[in-house]
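A quick write-up on the structure given underneath.
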Amino acid sequence: MTKQTKIIAAAAAAVFLIAAALSVYMLRKAPANRIEIVQDGKLLYTFDLNSADNQTIRIPAADGGYNNVVIEDGTVRVDTADCPDQTCVRMGTLKSEHLPLVCLPHKLIVRFAEDGAA
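Everything in the sequence shown is counted per the numbering used here, starting at -2 for the first residue and increasing by one.
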């Protein structure tokens, strides 16, 4: 191995380790279990996942569409929606405070509540 190859390999390893550390940080479980459901900038619901009953909430969109948000066994997910891309459904359960569930067509965000939020 030449000196230049060793430097490139070391740099690639450093980038990989930094990316892995950031991934673990961003995908870790949020410390809080309070979630907010927000549509078009308006807070619709707040739930504590530790005490919330299992339920499905149908959230109508301004365009006549909908999202079904399911709270079940301390988790939350968008179960069904009539949006064309279904990204919100494919995102699965909410796991990280850095990665909310989002439905752009219906302007819906399901996220962990910020510290100090009511």
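Built from N, CA and C at the ideal position, the CB exists for glycine as well.
Distance check for residue j and residue i, CA to CA, integer angstroms please.
i: residue 107; j: residue 57; result: 14 Å
i: residue 10; j: residue 48; result: 44 Å
i: residue 54; j: residue 36; result: 13 Å
i: residue 125; j: residue 13; result: Because residue 125 is not part of the residues shown, which for the chain are -2 to 115, the question remains open.
i: residue 101; j: residue -1; result: 50 Å
i: residue 84; j: residue 99; result: 8 Å
i: residue 111; j: residue 1; result: 46 Å
Can you tell me whether residue i is buried or exposed? The criterion is at least 16 other CB atoms within 10 Å of its CB, across all chains shown.
i: residue 115; result: In this predicted model, residue 115 has a pLDDT of only 46, less than 50, meaning its place in the structure is not dependable; the value taken from the coordinates is given anyway. Exposed is the call here.
i: residue 91; result: buried
i: residue 15; result: exposed
Mind checking whether residue i and residue j have CB atoms under 9 Å apart?
i: residue 30; j: residue 46; result: yes
Legend entry - Cβ contact check for the segment 16 to 23 and the segment 67 to 86: 3 or more pairs under 8 Å: Output reads no: the segment 67 to 86 does not touch the segment 16 to 23.
Inset, instruction - Identify every run of the alpha helix (DSSP H) within the segment -1 to 62, keeping only runs that are complete inside it and at least 4 residues long; order them along the chain. - result: Taking 4 residues as the shortest admissible run, the segment -1 to 62 contains the following complete alpha helix (DSSP H) segments, listed from N- to C-terminal end: 0 to 24.
Inset, instruction - List in chain order: all unbroken beta strand (DSSP E) runs of 3+ residues lying wholly within the segment 60 to 103. - result: As far as the segment 60 to 103 is concerned, its whole beta strand (DSSP E) runs of at least 3 residues are 63 to 69, 72 to 78, 98 to 100.
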